[in-house]
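Report on one structure; see the data block that follows.
There are 2 protein chains.
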Amino acid sequence: MNFNAITIKDIARELGLSISTVSKALSDSYEISEKTKKLVNDYATQNNYSPNPIAKSLKQGHSKSIGIVVSTIDNSFFSQVINGIESVAYNKGYNIIITQTHESYDLEMRNIKHLTFRSIDGMLISLSAETPDIEHLRVLQKKGFPIVFFDRVSGDIDTHKVIADNFNGAYDGTTHLLNSGYKRVAHVTSSPNLSITAERLAGYKKALEDNGIEYNANYVRYCLHGGRDLNEIETALNDLLAMYERPDAIFTASDRITTTTLALLHRLKIKIPDEVALLGFTNTKLAEILNPSLSSLFQPGFEIGKTAMEMLIGLIESKHPVTEYETKILPTQLVIRNSSMPVPVTGV
Amino acid sequence: MNFNAITIKDIARELGLSISTVSKALSDSYEISEKTKKLVNDYATQNNYSPNPIAKSLKQGHSKSIGIVVSTIDNSFFSQVINGIESVAYNKGYNIIITQTHESYDLEMRNIKHLTFRSIDGMLISLSAETPDIEHLRVLQKKGFPIVFFDRVSGDIDTHKVIADNFNGAYDGTTHLLNSGYKRVAHVTSSPNLSITAERLAGYKKALEDNGIEYNANYVRYCLHGGRDLNEIETALNDLLAMYERPDAIFTASDRITTTTLALLHRLKIKIPDEVALLGFTNTKLAEILNPSLSSLFQPGFEIGKTAMEMLIGLIESKHPVTEYETKILPTQLVIRNSSMPVPVTGV
DNA sequence: TTGTACGCGTTATCAC
DNA sequence: GTGATAACGCGTACAA
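Going down the list, the sequences are from chains A and B. First residue of the first sequence? That's 1 in the working numbering, and the numbers climb one at a time after it. First residue of the second sequence? That's 1001 in the working numbering, and the numbers climb one at a time after it.
Listed below in structure tokens is the structure:
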């Protein structure tokens, strides 16, 4: 396993010192003379010694690695979150172990068990869409195991969570559409099980209310599989477009739903925004480039990952048990595009 | 760290047995009586004991975890590869540790060092586009450290690699365009440093040759940053479209280049395939949905990851040092689409 | 059939 | 300023 086979023992033998002296020299202990330190350190660097992290972990009682549970990595939002997590993990010397639930409750439980058996120091989790209750997480948390929830959180547990400001995002998005002159704004959203869905719906409703427009439940369509099932969205769109009072704008609630809606409208040869306007949450820059008239709510995946990881490290490294749960809210950026303006794009 | 705090020691004390008896009972040793085994196992499961993997690693000399180095996880191809890797890793009890180079040579070296210091059992790597030489990997390999290269490999080293059949993919793609009646097929590709670029170019050239069409170097454009820099591709396209003998088809060489080209042509209001046909390597189903007339070469990311991981496990778990290097080639699937046909899509 | 003793590589405590 | 010893949790010769 260790192909830099040199250990603290080797260098002790080679230098005619004791193991503990070498260990202390390496950790720059005050009780070791400067010349011994130099001797040891020089030898160590020359033979590129590196401490065996496994032995270190066994001794110190932590593994310097954390587990991540997401639905799937093959999703712009989550890969951006992981990017954010990695950026701080790397600097703090933590390894990340990624597992995917593929939206299955069963897989979620297996992964969590697997991760805890792997003796990780903490966990970052975004619930699977299927997950009905979070008893399995609550017991862990009760034991004092550090967990931070992000994005897909549950209202059933008071704990550390990092989420986008979905309410205000949806509020801003809907308001933008209304301010642009659209009167009948539909909302295509994901599974009603998820807290993010409720928050976004609330923001949408509040915006309607504040603009004196009556809420119409027929304008809201749920897609249980959140964009993974094309037919679901297709049905929703067909229903909406066939209505007598056909919506003049659609507000979509997640990356996959947004891009799929964009694609479907494209296939149906519906012109955006002439026939129907489209504004949605997204992480796929491609969607914006393809259709500059598509304004979007950019989900700050990177920032969410970064913040969640920082919070988790705080939990792990704090000596005192954490008693106060805080919820950190990050802003969702509303990116306003205008079809007559050039689109500032830096990359895909 | 271990919140299932129970150890083999606890259960020995509790049951009035010795530690080694418990250990043996747990591993179903033949020298332990059935009743003792049952006693121990029952107690273990009831108190959901699980062996500390760190102690196990230290003892057994392997960590049951492998390292992955990719340019960026935020890329359909690589996240699909990782999906494939994870699928077999999970079954075999391996953990995966993911690191990203962001195409930087420096970061690649740091990550590799970081991973080896973390005492992983093996490594899966796709070279960064910047990487000029692979001396740092060759030394590891010389020591007998298990490494499998995938996708972005180097010709400078004889080792285990898993790649798509880029030559035949490019050959098939180009041939398909030529058979469809296009005469002037341009090729927009990535950095000439990468082996995949050379292979694809070779396939493209051979297809031209076999169809009696002369190779025109002006029709080939390199994008050093492989789609990360929009301007590069924009320039390439503008150049091509401004030529006197303007290409009537474009063959793009990577996921990012394909989607970016699609987006740019869209913005330039160039009709596909009427004004210029487009066929490219891709992993983003969105591109196909948006433009059903876009035929594509689907990069088998999942299969590549799966195969690479299987190969790596073979390397790790083989008792005998591996002397024979084999290169496994996977087919690239050509997905033919026709604008007059309905597009069979199952998800985005 | 069960128990004892040692080692994996490291750090921490204590004695010299 | 340096070195011996114990301990982290586990597996395994070897002894009983």
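Backbone N, C-alpha and C fix where the C-beta goes; we use that ideal spot for every residue, glycine too. Small disclaimer: the values here were computed from a predicted structure and weren't measured.
Beta-carbon separation (whole angstroms), Ile396/A vs Thr259/A, contact threshold 8 Å: Since the displayed chain A opens at 1 and closes at 348, residue 396/A lies outside it and no answer follows.
Bounding residues of the alpha helix (DSSP H) (the contiguous stretch that carries Thr1235/B): Leu1230 to Leu1241
Selection of the segment 1037 to 1056 of chain B by Cβ proximity to chain A, strictly under 7 Å: Ser1050, Asn1052, Pro1053, Ile1054 and Ala1055
CB of Ser71/A within 8 Å of CB of Ala129/A, strictly: In terms of Cβ geometry, Ser71/A and Ala129/A form a close pair [threshold 8 Å].
Residues near Ile1270/B in its chain [Cβ-Cβ closer than 8 Å; skip 5 each side]: Here the set comprises Leu1241 and Val1276.
Cutoff 7 Å; reference Lys205/A; Cβ partners in own chain excluding five residues on either side: Tyr215
Complete alpha helix (DSSP H) runs within the segment 1156 to 1234 of chain B (minimum length 4 residues, chain order): 1166 to 1179 and 1195 to 1210
Beta carbon proximity, Asp379/A to chain B, threshold 8 Å: Because chain A spans 1 through 348 in this model, residue 379/A falls outside it and cannot be assessed.
Contacts around Ile1098/B, its chain only, beta-carbon distance under 6 Å, and the 5 residues preceding and following it disregarded: Ile1068
Given 8 Å, three or more beta-carbon pairs between the segment 1015 to 1026 of chain B and the segment 6 to 23 of chain A: no
Of the residues Ile8/A, Ala287/A and Thr235/A, the one placed nearest Leu268/A, counting alpha carbons only: Thr235/A
Where Met1341/B falls: helix, strand or coil (DSSP): Residue confidence is low: Met1341/B scores 35 on pLDDT, short of 50, so the model does not pin down where it sits. No coordinate-derived value is stated.
Inter-residue spacing [alpha-carbon to alpha-carbon] between Phe145/A and Asn1041/B: 26 Å
Short CB-CB distance (under 8 Å) between Phe149/A and chain B: The beta carbon of Phe149/A sits no closer than 8 Å to any beta carbon of chain B.
CB of Ile66/A within 8 Å of CB of Tyr30/A, strictly: no
Ile304/A and Asp172/A closer than 8 Å at C-beta: Cβ atoms of Ile304/A and Asp172/A: not closer than 8 Å.
Thr7/A in three-state terms, based on DSSP: coil
Lys1285/B to Ser1296/B span [Cα, whole Å]: 10 Å
Top-ranked residue by Cα proximity to Val1081/B, from Leu1294/B, Ile1163/B, Cys1223/B and Glu1232/B: Closest by alpha carbon: Ile1163/B.
Interface flag, Ser1295/B vs chain A, CB-CB below 8 Å: No, because no Cβ of chain A sits closer than 8 Å to the Cβ of Ser1295/B.
Nearest-angstrom Cα separation, counted from Val188/A out to Arg200/A: 11 Å
Beta carbon of His136/A nearer than 8 Å to that of Phe149/A: no
Residue range of the unbroken beta strand (DSSP E) whose run includes Ile1066/B: Ser1065 to Val1070
Which of helix, strand or coil DSSP assigns to Phe1145/B: Assignment of Phe1145/B by DSSP, reduced to helix, strand and coil, places it in the coil class.
Exposure of Lys38/A, with buried meaning 16 or more beta-carbon neighbours within 10 Å: exposed
Ser1119/B at chain A interface by Cβ criterion, 8 Å: yes
Cut-off 7 Å between Cβ atoms - residues of its own chain near Glu194/A, not counting five sequence neighbours on either side: Correcting the residue identity first, residue 194/A is Leu in this sequence and not Glu. Result list for Leu194/A: Ala129 and Arg152, in chain order.
Bridge partners - Thr395/A, DSSP secondary structure assignment: The question about residue 395/A has no answer here: the residues shown for chain A are numbered 1 through 348.
Beta-ladder partner(s) of Ala1249/B, from DSSP: Val1185/B and Ala1277/B
Bridge partners - Gly1122/B, DSSP secondary structure assignment: Beta-bridge partners assigned by DSSP to Gly1122/B: Ile1066/B.
Cross-chain neighbours of Gln1100/B in chain A, by beta carbon under 8 Å: Asn83 and Glu86
Coarse secondary structure for Ser20/A, derived from DSSP in three states: helix
Closer than 8 Å to chain A by CB, Ile1096/B: yes
Nearest-angstrom beta carbon gap, Asp1106/B and Asp1133/B [assumed within contact, 8 Å]: Contact doesn't hold; Cβ gap of about 13 Å is too wide.
Leu1124/B beta carbon less than 8 Å from that of Ala1308/B: yes
Three-state secondary structure assigned by DSSP to Ser1296/B: It is a strand residue.
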